[in-house]
Amino acid sequence: DKSHETPDKYALNFSIIPNHFDITKENIIKHINTIDDPLLQQISLYLTYYYQQGAANFSKCPISTNRTTACQYLNKWSWHIKNIFTCSEKCTKQNELWNNHIDKLWELLKTNFTNTYNASNIPWCKRYDNDYYIQTPVPKFMKSTFEQNVNNYSNSINTQSTLTCEQNTTLSTASEQVFPPSNSNSICPAESSVRMIQQENTPTEIPNLNSSSDIKFYIALSSLFTFLGTISILFFLYKFTPLKSWIIRSSKSKNGIDRHINEENDEFLNTYENSDMAMKNRRNHLFYHSMED
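For the sequence shown, our numbering assigns the number 810 to the initial residue and increments by one for each residue that follows.
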């Protein structure tokens, strides 16, 4: 019977990963969805699950000491997780998140899982005050490095939060120049200074691609690429296609035609010269005979 499960066995379940959380209370689900830290959301799921298991096991348990012991185990588990999440409560930002979300979750759990059949209407478990919490000190051999790491981690969280807020603002007002009042209480205090620095670092001179010098440059560049492309295509055709053989054959054919034409011209000239010489000889012969008569 689950109502008679021992507190020790209940505590052992803290080391077992559940198959599912089975969270059905609407107000608890709504609260977990409002948490903006994923680690804290996971912690909230486990805390709710373990509280539900404790309510099922010990809310009606007739042995009051079992209920008290189980509640102590749950509080110690919560303190253990808080110690990790808040860096031994040295990280201010994480402390604020824990106090705002986990403390409220404890109240919701207490309200939703109070034993209504109990005449005194006492919840089976409530959150213990920090006075009951005895924090385990950090070992001396790592105290200095731990504090340094905590400072670095805290600074990184604060910087990330500021950048996130800045990013959300600039996304909605990408090209809008805003000059907030000097006494404005912004959610992101560094927002105005970061925006002004970004605006000062924005290049004021943008190259004018429509100027005449740029147009001439791009025309010359385009012509150069066209010329090189044409040369490359011709070289490719000459080197890797029959174009080379065709040019050679055409050249030889042209030379043969020229030579044939020259031979015909020479033959014609020789024929003309021979006929001309015969005509001259005939005229001389006629002239000579006419003189004899």
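Where a beta carbon is used, it is the ideal one built from N, C-alpha and C, also for glycine. Bear in mind the structure is a predicted one, so any value in this text is a computation, not a measurement.
Setting aside the 5 residues that flank it on each side, Asn-822 is surrounded in the same chain by Gln-862, each with a C-beta closer than 7 Å to its C-beta; the list follows chain order. At least 8 Å separates the beta-carbon of Ala-865 from that of Tyr-819.
Residue burial annotation: Leu-883 is buried, with at least 16 other C-beta atoms found within 10 angstroms of its C-beta. Approximately 14 Å separates the beta-carbon atoms of Ile-826 and Ile-852; this is outside 8 Å, ruling out the contact.
When the five nearest sequence neighbours on each side are left out, the beta carbons in the same chain lying within less than 7 Å of the beta carbon of Cys-896 are those of Gln-903, Val-959, Tyr-962, in order along the chain.
Taking the Cα of Lys-839 as reference, the smallest distance to any Cα among Lys-913, Tyr-859, His-829 is reached at Lys-913. In the displayed model, Pro-871 falls within coil according to three-state DSSP, outside both helix and strand.
If you ignore the 5 residues before and after Thr-945, its C-beta comes within less than 8 Å of the C-beta of Asn-892, all in its own chain and listed in chain order. In the displayed model, Thr-923 falls within a strand according to three-state DSSP. With a beta-carbon spacing of about 10 Å, Ile-844 and Leu-854 fall beyond the 8 Å limit used to define contacts.
The Cβ atoms of Trp-886 and Tyr-858 do not sit closer than 8 Å to each other. With distances taken between CA atoms, Pro-932 lies nearest to Phe-867 out of Ser-1054, Ile-837, Phe-867. As DSSP reads the structure, Pro-932 sits in a beta bridge with Thr-923.
Around Glu-814, the same chain offers Asn-866 as residues with beta carbons nearer than 7 Å, after the five sequence neighbours per side are excluded.
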